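Asker: Going line by line, the protein sequences match chains A, B, C and D.
The first sequence begins at 1282 in this note's numbering and counts up one residue at a time.
The second sequence begins at 112 in this note's numbering and counts up one residue at a time.
The third sequence begins at 1014 in this note's numbering and counts up one residue at a time.
The fourth sequence begins at -6 in this note's numbering and counts up one residue at a time.
For every residue, glycine included, the Cβ atom is placed at its ideal position computed from N, Cα and C.
For clarity, every value in this text was computed on a predicted model and none was experimentally measured.
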Amino acid sequence: MTTPTMAMKVLRSPRARRSSTTFLISAVFLGAVTIAAIFASFLAPYPPNQVDLLNIQAGPSPAHWLGTDALGRDTLSRMMYGARTALLAPLLVVVFSTIVGILLGLLAGWRGGWIDSVLGRIFDVIFAFPALLLAIMAVALFGKGLVAPVVAMSIAYAPFVARLTRSLIASERSRPYVAAYRVQGFGGGFIALRRVLPNVMPIVGAQSTLNFGYVLAELAALSFLGLGVQAPTADWGAMVNEAQSGLIGGYFLPALVPAVAIVLVVVAVNVIGEELSDRIGGEIPA
Amino acid sequence: EPEKAQPAEWELTSTTDAPSGDLESFTWANYAEPYSLDYAYAFDYADNMVLANVCESLMRLNPDWTLSPGLAESVAHPTPETWVYEIRDGVTFHDGTPLTAADAVASMNRHLDPAVGSSWYSTYQNVASIEQTGDMQVTVTMTGPDSQFNLGMGGSAGVIESAATLADKGADYGNSTGGVNCTGPFSFGEWQSGESITLERYDGYWDPELTARSAEVKFIFMNDANARTNALKSGEVDGGWMIPADAVPQLLDSDQGDMLFGLNTAVNNLIISDLDGPLGDVRVRQALLMALDRQGIVDAAVKGYGTTTDVLTTESVWDGASDAAIATAFGDVEEYPYDVEAAKKLVEEAGATGAELTYVTAPISSDFNVYAQATAAAAESIGLTVNIETVTPNAYTALFSDPTAREGVDLFYTSWYLSSPDPLEMYSVLRTDEFSNYGGWSNPEFDAVVNEALAIQDPAERSEKTAEAQQIANEELPWLPMFEAPVTLFMGERITGVSPSIAFMYYPWAATIGAR
Amino acid sequence: MTTLRRVAGKLGALLLTLFLASLLVFFSRFLVPGDPVSFLLRGRKPSPEAVAQVTAQYGLDLPPWQQYLNWLTGVLQGDFGRSLQYRQDVSQVIGDRLPVTLGLVVMAGTMIAIVGLTAGIVASLNRGKVLDRAVLIGLTVLGAIPSFVGSIVLIAIFAVQLGWFPSFGSGEGFWDTIYHLVLPSIALAIVFVVLVGKVTRSSMVEQLGREHVEVATSRGLKRGTVIRRHVFRNSIGPILTVSGVLVAGLLVASSIVEAAFGLAGIGSLLVASVDRLDFPVVQAIVLLIVTAFVVVNAIIDVLEPWIDPRAAAGAGAR
Amino acid sequence: MTLLDISELTLDLPNGKRLLDGISLTVAEGETVGLVGESGSGKSLTARSVLGLLPSRATMGGSVQLLDQSVLDASRRQLLELRRTRASMIFQDPRAGINPMRTVGDHLTETMRLCEGRSAADARAVAISLMEAVRLPRPEEHLHQYPHELSGGMLQRVMIAGALTSSPRLLICDEPTTALDVTTQAEIIGVLAEQRASRGMGMLFITHDLNLAAAICDRVYVMSAGRVEEQGDARQVFRNPQAAYTKRLVAATPTIVVRDSSTPTDAGTDAAASTNPDAAVGASTGGAASASSTVAVPATEPMLSATGISKTYTRRGKEPVHAVIDASIEIPRGGALGVVGESGSGKSTFARMIVGLEQADAGDIRIAGRERTSVPSSRVERLEHARSVQMVFQDPYLSLDPRITAGKAIEDAMRLHRRLSTTDARERVLELLEQVGLGDVHAQARPRTLSGGQRQRVALARALAIEPDVLVMDEATSALDVSVQAQVLSLVEEIRRERGLTVLFISHDLAVVRRLCDETVVMKTGAIVERGRTIELLGNPQHPYTRLLIDSVPRPEWNLDAVAAEASELEDPVAQN
Ligand SMILES: Nc1ncnc2c1ncn2[C@@H]1O[C@H](COP(=O)(O)OP(=O)(O)OP(=O)(O)O)[C@@H](O)[C@H]1O
Ligand SMILES: Nc1ncnc2c1ncn2[C@@H]1O[C@H](COP(=O)(O)OP(=O)(O)OP(=O)(O)O)[C@@H](O)[C@H]1O
Ligand SMILES: [Mg+2]
Ligand SMILES: [Mg+2]
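1. Identify the contact partners of A:Met1418 in chain C, using a Cβ-Cβ distance below 7 Å as the criterion.
2. For a contact defined as C-beta to C-beta under 7 Å, what are the partners of C:Phe1181 on chain B?
3. D:Glu559: which of D:Pro549, D:His536, D:Ser370, D:Arg548 sits nearest, CA to CA?
4. Quick one: Cα of A:Val1546 to Cα of C:Ile1298, how far?
5. Measuring straight from C-alpha to C-alpha, what distance separates D:Glu523 and D:Pro169?
6. What are the boundary residues of the beta strand (DSSP E) that includes D:Lys304?
7. For C:Asp1321, go through chain D and note every residue whose CB falls closer than 8 Å to its CB, in chain order.
8. Any heavy atom of ligand 3 closer than 7 Å to the Cβ of D:Gln168?
9. Exposed or buried, B:Glu242, counting other C-beta atoms within 10 Å across all chains shown (16 or more means buried)?
10. Just checking D:Ser471 against ligand 1 - is the residue's beta carbon closer than 7 Å to any of the ligand's heavy atoms?
11. Do we get a CB-CB distance below 8 Å when we pair D:Leu395 with the residues of chain A?
12. So is A:Pro1329 buried or exposed if we call it buried at 16+ other beta carbons inside 10 Å?
13. Regarding D:Leu18 and ligand 1, is the C-beta to nearest heavy atom distance less than 7 Å?
14. Looking at chain F, is there any beta carbon in it that lies within less than 8 Å of the beta carbon of B:Ser287?
15. Just the C-alpha distance for D:Ser285 and D:Val175, rounded to the nearest angstrom, thanks.
16. Return no unless some Cβ of chain C is closer than 8 Å to the Cβ of D:Arg508.
17. Which value, in whole angstroms, describes the spacing of the CA atoms of D:Val251 and D:His137?
18. Among all the DSSP beta bridges, which residues are the ones paired with D:Leu164?
19. Between C:Ser1198 and C:Met1120, what straight-line distance do the alpha-carbon atoms span, to the nearest angstrom?
20. Note down the Cα distance separating D:Gly261 from D:Pro547, rounded to an integer number of angstroms.
21. Could you pull the start and end residues of the alpha helix (DSSP H) that D:Ala520 belongs to?
22. Just list the beta strand (DSSP E) runs in the stretch 458 to 527 of chain B, keeping only unbroken ones of 3 residues or longer that don't cross its boundaries, in chain order.
23. Exposed or buried, what is A:Ile1306 when buried is set at 16 or more other beta-carbons lying within 10 Å of its beta-carbon?
24. Between which two residues does the beta strand (DSSP E) carrying D:Thr25 extend?
25. Taking the CB atoms as reference points, tell me whether B:Lys576 and B:Val560 lie closer together than 8 Å.
26. Please report the straight-line C-alpha distance between C:Leu1282 and D:Val151, rounded to a whole angstrom.
27. Any C-beta of chain B within less than 8 Å: which residues of the stretch 1182 to 1199 of chain C qualify?
28. Any heavy atom of ligand 2 inside 7 Å of the beta-carbon of C:Ala1277?
29. What's the call for C:Gln1174, buried or exposed, on a 16-neighbour Cβ count within 10 Å?
30. Using 10 angstroms around the beta-carbon of C:Pro1322, count the other beta-carbons present and answer buried if the total reaches 16, otherwise exposed.
31. For D:Ile322, which three-state DSSP category applies?
32. Secondary structure at A:Tyr1532, three-state DSSP: helix, strand or coil?
33. Taking only beta-carbon positions, decide if A:Gly1527 is within less than 8 Å of chain B.
34. Could you tell me whether the stretch 426 to 442 of chain B touches the stretch 481 to 490 of chain B, where touching means 3 or more Cβ pairs closer than 8 Å?
35. Enumerate in chain order the residues of its own chain whose CB-to-CB distance from C:Ile1240 is below 6 Å, with the five nearest sequence positions on each side excluded.
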């Protein structure tokens, strides 16, 4: 059965190299967001949930650079705190799915045979559940919040990584250099883990970087639907959701700021992910 | 950028111009799709807004919140334990079959049937039996004296449905395929799931006063506040109740129709659900109320279209009350002005400084945030700490029905509306061990006053007792009253005739709407 | 291998996947600790009657496998149980809302196809030039706009500010429905355009570099003919594969768009049902989307030999 | 009459790189002109420029005149016209050159229908007649087949037929046989020659195989690094190369010693007979002969013996493949055995079983007296097996781990088998690298930065680091240019001489085997059909298949008809597979 991995693989296909300035800008931007998230408690001008009912839906001012929301909370401060869930949750998903995916992919790709078939069948089934759907189902089962969706997304994305790893490992395994290692007397475990795996890691890493962007957007969507991060916790998706009703009154800023932030972070992550995969694309054809 | 909110200016409208003629059809925005049109489950604005036009009750609750005969031509109260209803003759259901006492008995008995699980059981909690005592007569026997039962017959609890239809539809009764078969000015037309419900004028309607002016009314479900506002602003729909607060200023400016404010019976309160905790001390409750910037809350939550209050009822429900009673109930009560310093002192006196409170909220609408955050801010300003716990809307609903859900919870918000024209409905709830006395507040004096009032059949006389109860509640603050806000209505430029009032829940208001 | 055997094989794989997916959908409920009755009645007043009713309706007193068999038998006959919220058959509740979602998905799919293919083809034919880069940057940015962001921006601009399009509802009649679905389907299409665009581009670029294309050119075929007959025709495989993935993605993402635009489709129903703990409806919609995904992909798989004759022989594609 | 006149053609890339540097070349009607040179010398670029197929942003200089049309400044329409009527091109790899998703019939009739506007039936008739002309067995049936259903040789015939649909005046062939087996090559060349003669076309024939050019061309141009180094009468250029480059190239080109119906010749004679046109190309093979005479140490137990080896691959839903059938070989200590045979004859499978990558179904393999039949499982077995036999693989681009530097690769292999301190190991690595003609700098290099020849040297050093008893080389030089191949081959010879290494040398190229191996076995469809001393085998082949193989090798006096006759004779008796 065809799978989303194939789609992802095609997306990765090498292309004319982008000028590194976009890459640099993206990296700097992501770095800044990360720092803002980590040091939010020092950098943010206000506590994220500090209500100021006398100063609601205010425009940008020296006191509130990005204005305030319907409760008079400082949008900038909430953005900084919101960056925590925005970055941390996808990070957890990506780390978990990458580790599990690589282990399973290695197992399937290297051992082949029935293990490969069984795992492949399991992946097919999980693939049939789009990540967001699995996350929504997890919420239906275990209640709202981020825990269930993060676990569900990790499960949903693991097969992506696993299938990519599997196909990379399987194609590496048939290469003469692997046969050469065998002929030299190296053991299968050593070849698989110490030689072949490092060769496919960059591509898997680039794919995981791209996954980070997708997961971020999907988790934000979940919060937007009111199924993810719950009020009053600052979260970008939830902020868009909360500020939505202000749109009719012409208060665009509280909704627009987190929306734009999501778009920018995803663009930055994609730029970095694609450039990474471009850089290595030439060396190890997938 | 919109400038800083000025103190909002608004006045209540009780009626709008009479229609100049009939209409083919008009559309109405409903903020949600009813889950069911089964009157036994019609417990929410969305359901009742539609149902009120299709199904009628024994009594009729008018826009001015008075009660008049409905499907019962008359009601007698021969003994304190019995209510006798004479069913109106010549009324037919939408399928053409005549209304009989048997239909009334069948409809009312459903509320007592555990298998149905009626949302209106509480109205019937003291009912011993409902029997047909004549061709067109139904007698309800209570387990004890009860002045309130009949007041509930103006709402969904008093709806009469064809007994044959109930038996025929079974489990599908009231859902989008089953529909309903009642006696109202409109009959159930089409229910497009998720989209709309269309009602059609019932030509055999019995009451010439309320014969529908429009051949058709279409309720369109629009969950999204933005969508609703836009649709109203652009004239895509002709009107809607309960306008999102954010949109009120804009719709006031709109030339597509009129933004109107009407009678309401709801007061927005903070329920104290744990009187064994720090809030068990009345001084702490008073302090918290004084520390709440209630005007600020009004501004943020309803954009200023509301007034702060110190009591748990609105004047609108004091139908039939004596002037003296109203003066006592609203004039002679404690005021709790915004005064952080005084409040702080009270807390210190009570030795509660540093105490922690748990406030439960849910992402139901944007104003919920305001109450939560404002309460937290108020508590902090007087040396208390409030932990806000956010739960799902369903878990939040459980707070109102499940005592275990309230464990460890000190405060939660409610907009408590009265569905009968008597403030006693509110205060009977606060008696010791009442189901909805969520904090377990107990005051023997209060209980005695309320019980006394319940037994008084004359409304004016009763109201003076009720006023006493209101005074006690005002001093003791079992719940913290915050503000009352009018019902909001937008009426597009094509239509007119409706009376803005919370009675849209029970009164066939859509029948009054015709061409402007 | 005969076509019939291939199709039979695919059908077997499809049924197996669906079977496993149904297990997952059904038994997921058992992952939640505690009493299944209280799970289904979560947040509702658990009156003994309601407990009894739900127990009887779902056969919760039976052993799990028996429950599963009963459920599956029902599902195979189109009976997904009863909605706890709507007091109606789930199949009815879903059936009423399916047309909107399908309309939305079809319209979005059409837009994606038109815009994605055009962008991909234009970029590939101008590979490395300014136009190519512009298209790529445009696609990357579009691909980073989640449906909900797209929705609110489109509403803010085209419905609120300009008033060109309605901001809610699905309209009546064919043209009105299309008119109502324009903004939602754009919001839905935005993120996915990048997928088709980039796949088309890379697939075309790959084919453009193929020797058979040069052979065709050397034989004096017009460039247009070469692109059409040899480049595009050969690029369809990966594009179709991605389209298969798209179907499920669109169905799921429609929940966001439908919620934002107030459309009564199965997506918004899914979210509402999660919100209101109407698990039977959630179960049914999940199963529906999964089935759609699996079936569409199986169809694409079966079609593959027509697109790439080598697939029939089991040789590596492309 | 001159069909094609290229003069002072230059081609520059935007980055300033000059790919073609003043090429001048003519082809007359009825003439076959060869264009030879090593990989990357610009042969294909030159040929493509004739049809206006140029890298997109290249700047051109000089002129290309095809009949009365100047190509470089032709309009779009003129270019189409020119491609449709004047010249056609045949590409190297028929599998890549025919759209795999369309039928053969579509490929053949496409231009007739779309460019000439002929009716489908008409085009079909022409296609069938052309397929008959290129001797495709079942034209009607082939029309509806897809490329993957045809063999490489058949596909190349389709490609030729396709090129002939437009009745071109000039046929450009860009290495049309490089992807094919020798026997198939001979057949294809036969078809090409026949068509060229019957249609009176001019032909520009590109190849890197000097022998092939000498066999079929009237005149040749020798290219190197974008320039024409030498041109002239084909035979003359090879017999008596003038330019230094051509001399080196000729010297590096191995050949089989073929004297029709003559007795086996001593290698020494060959070396001396460098003026003899027939033997000229064997000039540099002297070393091999001396090697073969120094090492043979019979009597003792053979270093490698494999008896009755068989291997069958079973795949689901397909016929089982009998890759190797009851094959036996023996190599004495220090000996070199060549295995030749066409693609798919089972050579690699055989080698993989010997090095323990594949389990033989039946048979017995012994190396230095030890049982080495089964695939080693335990660590001890693995190491022992590795010390007894090592292998150098065919593709130098894929047989090195892309992430590991050359030095590290060798060091790893060495330290797996022996305890060595880091410094000792480094020293040994350098020694080994020097031995294979590489140095310090190469130790730090990753494979990506090394050339094909350098990579193969690293692979060789890596195998030698383990100091095995036997070295298996599977087509170890077939991916390399002739000059690089010559260098690697002499390196192997040298090492054999120094270390007394036993070598199993697998190749499809008889000339290479002839140069390196004392003895040779010939494999066909999994079975060994003939064995013997290399020189005897080449000079006096017994099995018809061996004879066909030998006769298919191009050489100046090449009797293509004889090859065809032999091929058809072989078809019948051995067609059982
Ligand atoms: N489109 C192109 N763009 C840039 N460089 C090119 C292009 N085509 C060929 N080259 C370069 O031009 C040089 C000559 O290439 P060409 O293909 O003509 O060599 P060749 O003699 O045919 O080699 P081979 O025997 O390997 O086919 C090579 O270095 C190659 O990398
Ligand atoms: N792993 C395998 N599974 C199935 N068949 C195989 C496998 N490996 C090789 N074969 C088949 O076995 C036969 C012999 O293959 P082998 O690679 O040994 O040939 P070869 O003589 O080395 O050919 P070449 O000159 O092309 O390298 C071929 O028909 C091939 O298709
Ligand atoms: Mg070439
Ligand atoms: Mg081989």
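Answerer: For this structure:
1. Ser1041, Val1295, Val1299
2. Met333, Asp335, Ala338, Ala342
3. D:His536
4. 31 Å
5. 30 Å
6. 297 to 306
7. Pro93, Met94
8. Before going further, note that residue 168 of chain D is Glu rather than Gln in the sequence given. D:Glu168: yes, Cβ under 7 Å from ligand 3.
9. exposed
10. no
11. In the sequence on display, residue 395 of chain D carries Pro and not Leu. So, interface residue.
12. buried
13. no
14. Protein chains in the displayed structure are A, B, C and D, and chain F is not among them.
15. Low confidence applies here, because D:Ser285 scores a pLDDT of 40, under 50, leaving its location unreliable; read the following figure in that light. In a straight line, the C-alpha of D:Ser285 is about 26 Å away from that of D:Val175.
16. no
17. Unreliable positioning characterises D:Val251 in this predicted model, as indicated by a pLDDT of 46, which lies under 50. The coordinate reading is nonetheless provided below. Distance between the alpha carbons of D:Val251 and D:His137: 42 Å.
18. D:Ser81, D:Met196
19. 6 Å
20. Only weak support is given to the placement of D:Gly261: the predicted model assigns it a pLDDT of 36, under 50, and the question is left unresolved by the model.
21. Premise fails: D:Ala520 lies in the beta strand (DSSP E), 520 to 526, not in any alpha helix (DSSP H).
22. 467 to 472, 496 to 501, 522 to 527
23. exposed
24. 25 to 30
25. yes
26. 59 Å
27. Gly1182, Ser1183
28. no
29. exposed
30. buried
31. strand
32. coil
33. yes
34. no
35. none
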